[in-house]
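Below you'll find the structure, written out as structure tokens, and then a few comments.
Right under this line is the structure:
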């Protein structure tokens, strides 16, 4: 292949630049989150419920396609009806802005700040 | 040589589809939606360097369409198409600039693939919450793009560029 030293330099610039930018963005976006107070569930962009993180319990979301569990101030999806279960593997979230997404069911769980009314208090 | 080109195109498309299929059988390598290695891009990148931009676009579009017709589920076509289209246009431009090696072009394509999919998810789920995944997916795009680019470079070094 025609690989002059110019190509190599441009390569390093592009790959290194992309890697550095994405890593920087990753660390900045993960570091600044304050502890959230509310897990907000949306299906198709429509908010379907807000669940405070200071309660404990589990709810069936979206007619039972996903199960949301809240315990120890953290939210996670414990089960889903999709084959890859990526939303379950994404684990616990508790900082503002953190999100768990289930693409097949078009569902997102996002952590928001402590403000806002709760729709439902878990038993 | 027309027949030769047609045969190479057909072979490249079958390779793309087989690679797609193999990738589908692998478990997700990261607990992130939309994070994939993008094995089929080995074939698309090969077509881009060996056959030309137009031909590579055909391979990419035909692969997405035929994979959807055979194994697609619901909205998967929109995500595949959005990723493939954005990634392909970016790779064609990067190649055209003549500044980069195939490996770097592939890294650009990997990152852009994930950008296209985030855009599609933003549109499909009508929520900005999915942008949360963008930085992590960019890292994943750089890594998988580099792996795919390295694999394709090996092939191009043996077969030769057009």
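Protein chains in written order, with the working numbering: chain F, 70 to 192; chain V, 822 to 983. Yeah, the Cβ is synthetic: ideal placement off N, Cα and C, and Gly gets one too.
Residue-chain proximity (residue i, chain V), Cβ-Cβ < 8 Å
i              : result
residue 175(F) : yes
residue 153(F) : yes
residue 119(F) : no
residue 164(F) : no
residue 158(F) : yes
residue 147(F) : no
residue 170(F) : yes
residue 122(F) : no
residue 84(F)  : yes
residue 106(F) : no
Cβ of residue i within 8 Å of any chain F Cβ
i              : result
residue 846(V) : no
residue 967(V) : yes
residue 911(V) : no
residue 888(V) : no
residue 959(V) : yes
residue 873(V) : no
residue 842(V) : no
residue 891(V) : no
residue 951(V) : yes
Span of the beta strand (DSSP E), counted from its first residue to its last, around residue i
i               : result
residue 177(F)  : 176-181
residue 170(F)  : 168-171
residue 838(V)  : Counting along the chain, residue 838(V) falls outside any beta strand (DSSP E), though it belongs to the alpha helix (DSSP H) covering 823-846.
residue 107(F)  : 107-112
residue 1017(V) : One cannot answer for residue 1017(V) here, as it falls past the ends of chain V, which runs 822 to 983.
residue 104(F)  : Segment: none, residue 104(F) is in no beta strand (DSSP E) and carries neither H nor E.
residue 144(F)  : 143-149
residue 119(F)  : 115-121
Whole-Å CB distance - residue i paired with residue j, under 8 Å assumed
i              : j              : result
residue 148(F) : residue 157(F) : 6 Å
residue 941(V) : residue 899(V) : 6 Å
residue 865(V) : residue 881(V) : 5 Å
residue 944(V) : residue 79(F)  : Contact flag wrong, Cβ pair sits at about 33 Å.
residue 861(V) : residue 878(V) : At roughly 14 Å, the Cβ-Cβ gap does not stay under 8 Å, so residue 861(V) and residue 878(V) are not in contact.
residue 946(V) : residue 177(F) : 6 Å
residue 95(F)  : residue 856(V) : Rounded, the Cβ-Cβ distance is 13 Å, inconsistent with contact.
Segment limits, alpha helix (DSSP H) that includes residue i
i              : result
residue 916(V) : 897-917
residue 938(V) : 923-946
residue 969(V) : 955-980
residue 127(F) : Counting along the chain, residue 127(F) falls outside any alpha helix (DSSP H), though it belongs to the beta strand (DSSP E) covering 126-130.
residue 870(V) : 861-871
residue 137(F) : First-last for residue 137(F): 135-140, but that is the beta strand (DSSP E), not the alpha helix (DSSP H).
Cα-Cα separation between residue i and residue j, rounded to whole angstroms
i              : j              : result
residue 72(F)  : residue 112(F) : Its pLDDT being 49, under 50, residue 72(F) is placed unreliably in this model, and the value from its coordinates should be taken loosely. Roughly 49 Å separates the two Cα atoms.
residue 908(V) : residue 155(F) : 23 Å
residue 849(V) : residue 872(V) : 31 Å
residue 832(V) : residue 963(V) : 27 Å
residue 931(V) : residue 859(V) : 8 Å
residue 170(F) : residue 90(F)  : 24 Å
residue 93(F)  : residue 934(V) : 20 Å
| Quick check: the region 74-84 of chain F against the region 134-148 of chain F, are there 3 or more CB pairs under 8 Å? | no
| Just checking, does the region 886-895 of chain V make contact with the region 921-938 of chain V on the three C-beta pairs under 8 Å criterion? | no
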